[in-house]
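Residue numbers (the numbering used here): 31 to 293. C-beta atoms are modelled at their ideal positions from N, C-alpha and C, and glycine is treated no differently.
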């Protein structure tokens, strides 16, 4: 059960249903002593501290970090080598410094946001580990800027959703250098053929992506398991800067509450 507040009604109902069936329940919770933290059989606290803004940013990042640690723990039980585990753990330990350096200059994201604030629609696409990150980017854009945004796995693009695209429907493509890179580039080329503007989130040093995307935001290269954490940051900042460009209260979006305690 993954919940920032530990009080989310539908998540709590799912925990109780699972327990009634005799299943082991695990909580990944930020608020210490919350209902879900108390009722799950075991759990991990994010320890991200209080999150004041309604749209969850640091809690989401900390949840991803917890899942990396759980992956390493389970991986060791299932044959992950000590050498590989230590390599991932070392990169994870260095990640705060990497992100701190990245956040020192976000002017390029603010500049891109001014352009994309003019659009009423947006589509996010990613593959493999970056499919759920596409969903996070879409959600943040909806929450903070009130823009109609959708997210799809890159492989699903031609199964219907590509029909929506035109020159007024931009696509934000998550295309770090990984084992599905070429397939994502193919997706971008399909999108460009429909005249949709493309903003790519790509690995530093990727010169090829500049030739196929209209705009590019570069991110540091990390181990594939850690890359989604880094990819999330420019998506959250993009939503923030678009919201600011529109003159909106990005900390208190309309119609939203920090914790959803009713079903």
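Distance between residue 208 and residue 164, taken at the CA atoms: about 16 Å.
The bridge partners DSSP lists for residue 153 are 180, 201.
Under the 10 Å beta carbon count, residue 109 is surrounded by fewer than 16 other beta carbons and is classified as exposed.
Taken atom to atom, the span from the alpha-carbon of residue 259 to that of residue 238 is near 23 Å.
Cβ neighbours of residue 280 within its own chain (closer than 7 Å, five residues either side excluded): 174, 270, 273, 274. Inter-residue distance for residue 113 and residue 282 is about 45 Å (C-alpha atoms, whole angstroms). The DSSP assignment places complete beta strand (DSSP E) segments of no fewer than 3 residues inside the stretch 39-76 at 56-59, 72-75, in order along the chain. With respect to the 8 Å criterion, residue 203 and residue 155 are classified as neighbours on the basis of their beta carbons.
By the neighbour-count criterion, in which a residue is buried when 16 or more other Cβ atoms sit within 10 angstroms of its Cβ, residue 143 is buried. If you look at residue 159, you'll find it isn't in any beta strand (DSSP E); DSSP assigns it neither H nor E. When C-beta atoms of the stretch 206-221 are compared with those of the stretch 165-172, fewer than three pairs fall below 8 Å, so the two segments do not count as touching. Excluding sequence positions up to five before and after residue 178, its CB lies within less than 7 Å of the CB of 150, 151, all in the same chain and listed in chain order. The C-alpha of residue 236 lies about 22 Å from the C-alpha of residue 266. The alpha helix (DSSP H) runs lying completely inside the stretch 88-167 and spanning 4 residues or more are 88-107, 112-132, 137-146, given in chain order.
Residue pairing by DSSP places residue 239 opposite no residue, since no beta bridge is assigned to it.
Selection 82, 268, 72, 199 evaluated against residue 287 yields 82 as nearest (Cα-Cα).
For a cut-off of 8 Å, the C-beta gap from residue 289 to residue 55 is around 19 Å, too long to register as a contact. Under the DSSP assignment, residue 268 falls in the alpha helix (DSSP H) whose first and last residues are 257-275. When rounded, the separation of the alpha-carbon atoms in residue 190 and residue 125 is 38 Å. Residue pairing of residue 245 in beta bridges, as defined by DSSP: 229. Our two residues, residue 46 and residue 225, have alpha carbons roughly 48 Å apart in a direct line. Here residue 200 is not near residue 247, since their CB atoms are 8 Å or more apart. Secondary structure note for residue 221: its alpha helix (DSSP H) is the uninterrupted segment 211-223. For the pair residue 89 and residue 66, the CB atoms are not nearer than the 8 Å cut-off. Residue 256 sits away from residue 62, with the two beta carbons spaced by 8 Å or more.
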